[in-house]
Amino acid sequence: MSDNDETPDDEDVQSAVEYLKMLQQGNMFNGREGLLEQLKELAQKGVHPLEVLQAMRKPVQEEPMAQVLDSFDLEGIAKYIAEKGCQRIVVMCGAGISTSAGIPDFRTPGTGLYDNLQRFNLPQAESIFELNFFRRNPGAFYELAREMWPGNFEPTPAHYFIRLLHEKGLLLRCYSQNIDSLERRAGLPGDKLVAAHGNFDEAHVIDTEPEVLVDINELKSALDKGEEGWQKLREDKGGLVKPKIVFFGEELPERFARLHRTDLANCDLLIVMGTSLVVHPFAGLVGYAARSAPRLLINRDQAGTCDGLKFGFRFHLAEAQNWRDAFHAGDCDSGCKALSELLGWKEDLQALVDSKGAASVTRAPWVEPESQ
Ligand code: CNA
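Numbering (full-length UniProt numbering), first residue to last: 1 to 372.
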């Protein structure tokens, strides 16, 4: 803030406006447009959004419960699964489960997409997934889409672990932020997946109401022809065509809205893997999990802790303050393998990986066999 409230310092205004833009791109203001407008006004006066948001923040006190895990690690989680006979596990995942398939994530310094978009000459890295920028400059996203197009990549052991949970009869639902469709490619049935940020299954003409759908293969062959191809498609369809992946500022699919509250409220365990948990509303799912359900994060670094996320993880707090959260620091693949081994399912997971999902796996002993 400048000393003089009436004539704000230009640097203060710029820093406040830029910070606000970043929050907006994280979908933080969906359904809170009034707040956004107020913050914009204040930013023009040089008031940083953080100052306001921090002042508004009510202390969220979760009353600690009796401990539900014997130990706050993979061993504790494996023991809990077997002793409680879990059958309603919810998995939440992000780009980190696909990095070992060769698809970069967004935010890992050095290898993440945001550090490698210089060739597109973007005003800021996130612009490539912004509708406004796409309308003005579709070429950058189209080039990236061609590289990331599903079909070029194979599922990882972490994807097959999610499939394993399903085959064992333990998976209630998998919520994925990923757009690579590798969960389906690993053999997870459509009804078990919520592709929260969409994917390349369908395409649509942007800015159409009612929405005009386009066969995704039509988009693919247009993109394969380069700029000439997508310009022609744009003329034919009367607008730019984009895969139905969710850009910053776009609504999440109806399926996400319909299922997430009840799924999370009913889960008996939450497993979160390979995500920085900074994109909302997805990240907020962590806080919707039933209070008695243990929550496991497998990630290279800590994410989604309760100091930044409402009802977030408490594994970093003293034991008396944490009754159910475990953090396994490391790669998703090795974490999933270790957990499978602790459950006595190491060979089952390996069989799925080796057979690319073709192997058959028996259900967990506490789960009724599937009725034919
Ligand atoms: P992110 O913000 O890039 O975070 C990834 C997280 O995973 C970070 O905390 C990393 O440390 C961690 N990580 C990376 N590799 C591993 C690994 N092998 N094992 C364990 N942890 C690892 O990505 P998020 O998914 O959190 O962000 C949400 C965005 C990313 C969504 O909108 C996605 O659509 C988008 N995205 C998707 C893909 C994909 O579909 N594969 C790729 C890149 C980005």
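Backbone N, C-alpha and C fix where the C-beta goes; we use that ideal spot for every residue, glycine too.
Return helix, strand or coil for residue i, following the three-state DSSP convention.
{"i": "C336", "result": "helix"}
{"i": "N299", "result": "strand"}
{"i": "S176", "result": "strand"}
{"i": "H280", "result": "coil"}
{"i": "A326", "result": "strand"}
{"i": "T305", "result": "strand"}
{"i": "P243", "result": "strand"}
{"i": "F134", "result": "helix"}
{"i": "V13", "result": "helix"}
{"i": "M317", "result": "Inspection of the sequence shows that residue 317 is occupied by Leu rather than by Met. Of the three classes helix, strand and coil, the one that applies to L317 here is coil, per DSSP."}
{"i": "V272", "result": "strand"}
{"i": "L20", "result": "helix"}
{"i": "F248", "result": "strand"}
{"i": "L69", "result": "coil"}
{"i": "L264", "result": "helix"}
{"i": "L233", "result": "helix"}
{"i": "L171", "result": "strand"}
Compute the distance between the beta-carbons of residue i and residue j, then report whether it is under 7 Å.
{"i": "G274", "j": "I97", "result": "yes"}
{"i": "C306", "j": "A290", "result": "no"}
{"i": "W323", "j": "V47", "result": "no"}
{"i": "S334", "j": "A303", "result": "no"}
{"i": "P104", "j": "K45", "result": "no"}
{"i": "L117", "j": "A125", "result": "yes"}
{"i": "H197", "j": "I216", "result": "no"}
{"i": "P155", "j": "R185", "result": "yes"}
{"i": "P150", "j": "V353", "result": "no"}
{"i": "L219", "j": "V205", "result": "no"}
Does the beta carbon of residue i fall short of 6 Å from some heavy atom of ligand 3?
{"i": "Q177", "result": "Ligands present in the displayed structure are limited to ligand 1, and ligand 3 is not among them."}
Going along the chain, which residues of its own chain have a beta-carbon closer than 6 Å to the beta-carbon of residue i, five neighbours each way excluded?
{"i": "L269", "result": "C86, I89, A293, P294"}
{"i": "F141", "result": "I128, F134"}
{"i": "G238", "result": "none"}
{"i": "I298", "result": "M273, H328, C332, G335"}
What does the Cβ neighbour count give for residue i, buried or exposed, with the cut at 16 atoms within 10 Å?
{"i": "T111", "result": "exposed"}
{"i": "K337", "result": "buried"}
{"i": "L53", "result": "exposed"}
{"i": "L188", "result": "buried"}
{"i": "A16", "result": "buried"}
{"i": "N27", "result": "buried"}
{"i": "T99", "result": "buried"}
{"i": "G102", "result": "exposed"}
Residues in its own chain within less than 8 Å of residue i by CB, not counting five upstream and five downstream?
{"i": "G287", "result": "L309, K310, F311, G312"}
{"i": "L317", "result": "C306"}
Give every residue of the same chain whose Cβ lies closer than 7 Å to the Cβ of residue i, excluding the five residues on either side of it in the sequence, and list them in chain order.
{"i": "A145", "result": "L223, P243"}
{"i": "D115", "result": "P109"}
{"i": "F72", "result": "F315, N322, D325, A326"}
{"i": "K79", "result": "D70"}
_To test your reading of the DSSP string, which unbroken beta strand (DSSP E) runs of 3 or more residues are found completely within the segment 76 to 102?_
Annotation note: the segment 76 to 102 contains the following uninterrupted beta strand (DSSP E) runs of length 3 or greater, listed N- to C-terminal: 89 to 93.
*Inside the segment 181 to 214 only - beta strand (DSSP E) runs reaching at least 3 residues*: Those beta strand (DSSP E) runs which fall completely within the segment 181 to 214 and span 3+ residues are 193 to 195, 198 to 205, 212 to 214.
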